[in-house]
Each structure stands twice: as structure tokens, then as C-alpha cells.
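Numbering (the numbering used here), first residue to last: 631 to 1064. The C-beta atom is built at its ideal place from N, Cα and C for all residues, glycine as well. Just so you know, these numbers come straight off a predicted model, no measurement behind them. To keep things clear, I will list the structure first and then write my remarks on it.
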Ligand SMILES: *Cc1c(COP(=O)(O)O)cnc(C)c1O
């Protein structure tokens, strides 16, 4: 496929450029000009293919001629090297576990695929690229793990000192080699500002090649469409319509679902499940979008007041809110409801769902109230509950099986470069580092 910007329909770029540029020159986000479809027979026979085989077929559609198939196979098989099992709660409801990657959140899919494609595209260039990522938690560790040990690419993570959880901080600061964690005595917004300023800084631009790995990059979304197909493959009764409930913040995950639908996955409906940050359901209700400052919730990875991928969703539906409503239902839930839902899912199904996934199961219930149909409801479970120990009751906490790899990480020594809230200090650090 070829890609265009959501702002300027005339700038057409290859997959390679879309990945390396990240964001279009006009500030828009890249989208395929048109979606090629997967072969119908492939979808009909999807159960006979492995997750990796299916992923490769989809990746081929998006990357076109930019990567020869043997190389693409290496990239995909290397990036998607962990499963996404569908856990059945009852005949109608299942949970797609997207947390079996190295950092225990679904962001591993996007970060690993972006890392491997970037490495591939940059390997013949005789220069080093430095990736800057501001993080408030999950993104940074997924990106760091994805790029860990790659030649030619350094990763600098910026995180706000004292404002990420203990587990998250350990995940950010215990990698060595090409990963450095910079601990800023400021807020997440300060970290993000440093990254923006660095991209605009002439002295830095002259000295080094900077790049970004945040979720506006199309290479983070493409691999997320893989698991929608793999979920479909695992559904037993495919005669019933399929409805995905997606706990959403920046709406990258939901956009990837729309990609899957556009290339041929039979999806009846998407449910955009959100916490108190409710700009999207408000938008569907009123037809007018208004961004809001984000508010802090228990499902903190979804605390977004101005979702970056809304530009893509609007563009995919030709800016027609009615067309969006036909495909996406959305609803917001409070922290109180989320906590009750965690308990209820545990009691009813003996399943421990994390606060993000709980917003997803709540939204299914809400949808079922108004649609009394028989469907396959698939809730995307975006993170492992062990990452959010503080929110659970003692009974549930003691039942959580803490992954070995997380335990190991907690025992490692933290290594960070602590800097004051001053861009010039960060800039000098970068200049001296290279
Ligand atoms: C990032 C994240 C989300 C939100 O995903 P978007 O693609 O930004 O909508 C949900 N849950 C978890 C655990 C996350 O890390």
C-alpha cells in the first residue's frame, strides 16, 4: 500500500517513508490511500494458519514492495514471538489477552514491529539514529524493549521523576546497552516538551539524527491489526457476528481494528470503551469534538483528553459522524464502576481482569442492554493485572500470578540520568553523549 497524510491528500509516500518520517510534513498522520484486501479464501481458512503466518500475510499487504518477503518474514516472526490467546468467559464473552509480550502490555506488538522495521530500513545507512520517547509508563518500556540491543539505534527515554509506579520505573531503568533512561525533575508534559524542543533544535539536528517512536507512527498500528484476525481465528462459532470492545485512550488500538475490518475481517461493530476521559462518546453523541485536559483514573494508560488517532478515524469515515456511529459504539465509565467490575468478573468467571480490560467488559454490558443480539463479544485485555497491584482487593491480589520476568526486573538495579527541569541540560546531555 501507499500512504497519504490525513491533512494533505496529495502527499503520497511509500511504507518506508511513512515509517521513517513518523508524522507527515504537514503535521497529519499517515493512512493507506486505499486498503488492499486479504484473500477471501485465506480468511475462510484462517484456522489453518498460525498467528505468525497470518501476521505475515497482513504485513505483506501494508508494506507492499518496500521489503522483500523473506526479510519481512524475519521481521514479523521476530516481532510477533509471543501469543495472544483468547480466554473464554462464557459462550458470548471472551477476553483477548494481549499482555504476553516482554513488558506485559499490548504496546509490545506495536513497539517491536516498529523497532524491527526501523532497524531494517536503517541498517544500510551509515549513521546512528537516536530515538527520543517521553513516557508516563507503558510506552517507554515497550519501546525500550523493542529496540534493545539493535545496532545503529540509541533510545533515550524521558520520564517524570517520582511520577511513574515502582514497577514501571524498574521496567524503564534496568535495561543497558543502547537504552538510557533520563529522569526529569518535572512532569510528563515537561518530558514531552523536551522531545518537541529537541526536534526543533538546530544544534541537535546538525549533530544527530533524531526520530520518534510514539503511537502516531503507522508501524505501531499495523501489527495491532494482526491480533484482531488471530482473535477471529480462535472464535469457535463464526456464524455469530463478532464485536470487539477496545479499552481506548489515544485510539490507536481501535484504529488498528478498523484497518483489520478494511482489509476484510468480518466485524459487526467496535465498542470504544473509555474511562472518565470521555471526549469520544461525547463526540459521537453531539457530533462536535471538543478536547479536554486529561483526568487521572485507575486505567491510567487511557487518560487522554485529545486522542491523537481521532484524525485517522475521522479521515477513514470521510469526517461523517453518522458513518462512525454505524461502526463504533462508545461509552464512558467511572473508577467506581471499574472497581466493581473487577470484583464482578472475578466472582462470576474466576478471571482477574486489569482496570483497562474492566472498562472493556463494562462497555460490553452496556452495549448488550440496547442490543439484545447473539454475538461473539471479544474484549481486548491490554495489560497484565500484575502491573496494577494497587487497585485490587487483597483477595484478588493474592490470586495474581506475578510473572517471573517482572519479578526479575524488580530485583535489578535502577540506572538513570537525573536532570533538572531545564531543556538546556537535556540538550547538552545529548550533545555530549554522541
Ligand atoms: C496505551 C494503553 C491503552 C490505550 O490504547 P490506545 O491505543 O492509546 O487507545 C489501553 N490500555 C493499556 C494498558 C495501554 O497501555
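- Here residue 891 carries a helix assignment [DSSP, helix/strand/coil].
- Per DSSP, reduced to three states, the secondary structure at residue 997 is helical.
- Residue ranges of uninterrupted alpha helix (DSSP H) with 4 or more members, entirely inside the stretch 793 to 861 and ordered along the chain, are 796 to 803, 818 to 830 and 832 to 837.
- Remark: three or more beta-carbon pairs, one from each stretch, lie closer than 8 Å, so the stretch 897 to 914 and the stretch 952 to 972 are flagged as touching.
- Counting only unbroken stretches of 4 or more residues, the alpha helix (DSSP H) elements lying wholly within the stretch 941 to 1013 are 951 to 957, 965 to 979 and 985 to 1000, in sequence order.
- Counting along the chain, no alpha helix (DSSP H) covers residue 931, and no H or E run does either.
- Contact annotation: residue 858 and residue 833 have beta-carbon atoms that are not nearer than 8 Å.
- Just so you know, the alpha carbons of residue 664 and residue 871 end up roughly 25 Å apart.
- The beta-carbon separation of residue 815 and residue 1051, rounded to 5 Å, stays under the 8 Å limit for a contact.
- Distance between residue 941 and residue 829, taken at the CA atoms: about 22 Å.
- Counted as a single uninterrupted DSSP element, the stretch harbouring residue 773 is not any beta strand (DSSP E) but the alpha helix (DSSP H) occupying residues 768 to 777.
- For residue 751, there is no enclosing beta strand (DSSP E); the residue is part of the alpha helix (DSSP H) that begins and ends at 737 to 752.
- Assigned with DSSP and collapsed to three states, residue 668 falls in coil, not helix or strand.
- Nearest Cα to residue 662 within the set 886, 682, 818 and 881: 886.
- Distance from the C-beta of residue 849 to the nearest heavy atom of ligand 1 is not below 7 Å.
- A Cβ-Cβ distance of about 5 Å is found for the pair residue 989 and residue 877, placing them in contact under the 8 Å criterion.
- Secondary structure of residue 654 (DSSP, three-state): coil.
- Of 1045, 818, 915 and 835, the smallest CA-CA separation from residue 954 is found for 915.
- Taking a C-beta distance under 8 Å as the contact criterion, residue 761 and residue 777 qualify as a contact pair.
- The beta carbons of residue 722 and residue 714 sit no closer together than 8 Å.
- Boundaries for residue 679: no alpha helix (DSSP H) harbours it, and the DSSP string shows neither H nor E there.
- Separation of the CB atoms of residue 992 and residue 1011 is rounded to 13 Å, and the pair is thereby denied contact status at 8 Å.
- In this chain, the alpha helix (DSSP H) harbouring residue 700 covers 699 to 709.
- With contacts defined as CB atoms closer than 8 Å, residue 734 and residue 1029 fail to qualify as a contacting pair.
- Nearest to residue 982 by alpha-carbon distance, out of 769, 1024, 1006 and 869, is 1024.
- In the DSSP assignment, residue 783 falls within the unbroken beta strand (DSSP E) covering 783 to 790.
- For residue 649, the three-state secondary structure derived from DSSP is helix.
- The alpha-carbon of residue 792 is positioned some 46 Å away from that of residue 695.
- Counting of Cβ neighbours within 10 angstroms places residue 921 among the exposed residues, the total staying below 16.
- Rounded to the nearest whole angstrom, the C-alpha separation of residue 787 and residue 710 is 23 Å.
- Less than 8 Å separates the beta-carbon of residue 994 from that of residue 901.
- Note that the C-beta distance between residue 864 and residue 716 is below 8 Å.
- In this structure, the CA atom of residue 785 is about 18 Å from the CA atom of residue 836.
- Residue 659 carries a coil assignment under DSSP once its states are collapsed to helix, strand and coil.
- When the beta-carbon positions are compared, residue 789 and residue 805 stay at least 8 Å from each other.
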